[in-house]
Amino acid sequence: MGKKIIYYFTRYNNQPVDTGAIAEKLRVPKKAVAKKIEKLYTADLVYRSAAKYYTFNDICLMRFIKFLYEQDLEGVDEIDLSQQGLINTLKGKFLEMAVEVSMLKFNREQLPGSWFGRRGDLEVPLFQYVRSQRVKASASPEYQIDLLGNEAGRDYRIWLCECKYTRKPMSIGQVEKLEAAAQVFQQQMEEEQQSVPEIRLWLISTGGFTQEVLEYARSRENMYASDYDGINNIFRRFGSNYSIPLFSREE
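Just so it is clear: in the sequence shown, position 81 is 142 by this note's numbering, and no numbers are missing.
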């Protein structure tokens with residue numbers, strides 16, 4: 062019952078939680094629901110205002126619970142199409158959010174290079190900002206870059222990240238798409254008469270990489286490749302104390 066209560070709780074999305082409605086859906090006493098939510102409040106996972114409870118303070122944790130529990134709970138009502146569409150969108154953005162949270166906490170630490178597909182240790186930078194960005198030069202198609210990180214410091218260096226949250230390995234075609242986006246980004250800077258930065262490419266895929274991609278990434282000095290274990294270790298080190306969930310369905 063506890064999992065079901067928590068799962069329903071995440072569906073209120075920053076609105077007052079209707080403990081009576083949850084109790085009715087699960088056919089349990091309202092006091093049982095209130096008791097469970099009170100424990101979450103004591104653990105600082107929810108907040109309370111005017112004697113009402115609201116959704117999780119930690120948005121990463123809220124989404125994690127949604128993803129984790131929706132696939133293994135039985136007896137939970139069907140989610141309507143509008144909510145299902147929202148969940149699918151969140152699934153597509155969750156990894157980007159986890160990576161962004163981690164990047165914003167980097168501060169020139171030495172990390173195991175294996176987390177980035179490298180040998181030895183790797184010093185991560187301090188970023189001035191991290192954001193998603195669209196790029197387009199005058200004679201090029203538009204590209205959506207999942208995450209762009211601007212390093213702080215004297216050197217003008219930009220990280221471009223391609224995030225894939227699936228069980229399928231990243232293919233060389235997806236790498237080539239990121240490289241094309243990097244070229245367009247540099248062209249755009251030139252056309253706008255701005256300084257052209259040094260580019261580093263970071264491939265992130267929970268499904269790992271094809272052998273072709275792994276060999277290609279190792280041959281490039283400016284390319285990193287983090288599989289599930291790599292990005293999960295990074296996220297646990299900088300983003301949270303829990304693991305990135307994996308979905309049961311193929312995406």
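Quick reminder that beta carbons are idealized off the backbone N, C-alpha and C, glycines included.
G210 and I233 have their C-alpha atoms roughly 22 Å apart. As computed with DSSP, G214 is found in no beta bridge at all.
Here V257 is exposed: its Cβ has fewer than 16 other Cβ atoms, across all protein chains shown, within 10 Å. The beta carbons of L208 and E161 sit closer together than 8 Å. Sequence-distant Cβ neighbours of Y289 in its own chain, meaning closer than 6 Å and more than five residues away, are T267. E237 has its alpha-carbon roughly 27 Å from the corresponding atom of L172.
Of all alpha-carbon atoms in V89, Q235, Q249 and P306, the one lying nearest the alpha-carbon of A200 is that of Q249.
Counting along the chain, the unbroken beta strand (DSSP E) around R261 starts and ends at E259 to S266. Nearest neighbour of Y190 by Cα position, chosen from F177, K166 and E184, turns out to be K166.
For E223, the closest of K91, G269 and S280 by C-alpha to C-alpha distance is G269.
Nearest Cα to A243 within the set K225, A84, A198 and A213: A198. Within its own chain, the residues whose Cβ lies closer than 8 Å to the Cβ of I219, once the five positions on either side in sequence are excluded, are L209, G210, N211, E212, F246, P258, E259, I260 and R261, listed in chain order. Looking from the CA of E251, the closest CA among L264, L275, V196 and E240 belongs to V196.
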